[in-house]
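Remarks on the structure that follows.
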Amino acid sequence: MAYPPREYLPGTPFGYPPPPERPVQWYDEDAGPMVRPYALTKGRTRPGQPFDLIALVVTDIPDPTGLPVGPEQIAILEICRGNALSVAEIAADLDLPLGVVRVLLGDLLDAEHIRVSRPVPPALLPHEHILQEVIHGLRAL
Numbered sequence: 788m789a790y791p792p793r794e795y796l797p798g799t800p801f802g803y804p805p806p807p808e809r810p811v812q813w814y815d816e817d818a819g820p821m822v823r824p825y826a827l828t829k830g831r832t833r834p835g836q837p838f839d840l841i842a843l844v845v846t847d848i849p850d851p852t853g854l855p856v857g858p859e860q861i862a863i864l865e866i867c868r869g870n871a872l873s874v875a876e877i878a879a880d881l882d883l884p885l886g887v888v889r890v891l892l893g894d895l896l897d898a899e900h901i902r903v904s905r906p907v908p909p910a911l912l913p914h915e916h917i918l919q920e921v922i923h924g925l926r927a928l
């Protein structure tokens with residue numbers, strides 16, 4: 788496949804067309820500041836500790852604005868103050884990717900700014916036949 792020949796523009800540097808008079812804006816003001824997710828996590832993709840989607844996060848810090856954390860972590864601390872939210876809810880409320888939220892939560896947990904209540908692993912839950920026996924025993928009463 789042959790490319791179309793370039794047209795030489797005399798009087799311009801290297802024969803290319805001049806730059807536009809106004810810079811091209813490919814997003815609008817409603818989009819707000821655009822930051823890539825890897826910039827929020829300083830390039831990290833995995834948290835120090837694994838976070839389950841249903842793990843509950845809570846904090847008791849009254850004013851997180853004085854802490855040496857980023858604005859996204861301050862937002863996490865504000866929505867979790869006195870209110871236990873799951874990791875999935877935090878990601879949805881802040882409209883951030885789940886992987887980014889997990890890395891940010893890992894940083895907050897390492898700094899002891901949050902408490903995490905992890906769900907009970909399925910191996911530690913009672914077996915179904917034990918629960919059936921309890922139900923039959925309760926019905927026999």
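Read in order, the letters of the sequence shown are residues 788 to 928 in the working numbering.
Just so you know, even glycine gets a beta-carbon here, dropped at the ideal spot from N, CA and C.
For a test of the three-state rule: what should DSSP assign to residue 809, helix, strand or coil?
coil
Would you call the CB atoms of residue 824 and residue 892 closer than 9 Å?
no
Mind the definition here: the region 844-860 touches the region 879-899 only if three or more C-beta pairs lie below 8 Å; say whether that holds.
yes
Note down the Cα distance separating residue 879 from residue 809, rounded to an integer number of angstroms.
37 Å
Using 10 angstroms around the beta-carbon of residue 874, count the other beta-carbons present and answer buried if the total reaches 16, otherwise exposed.
buried
Within a Cβ cutoff of 7 Å, which residues of the same chain sit near residue 840, ignoring the five residues on either side of it in sequence?
873, 874 and 875
With C-beta atoms as the reference, is residue 827 less than 9 Å away from residue 907?
no
Ends of the beta strand (DSSP E) at residue 902?
Counted as a single uninterrupted DSSP element, the beta strand (DSSP E) harbouring residue 902 occupies residues 902-904.
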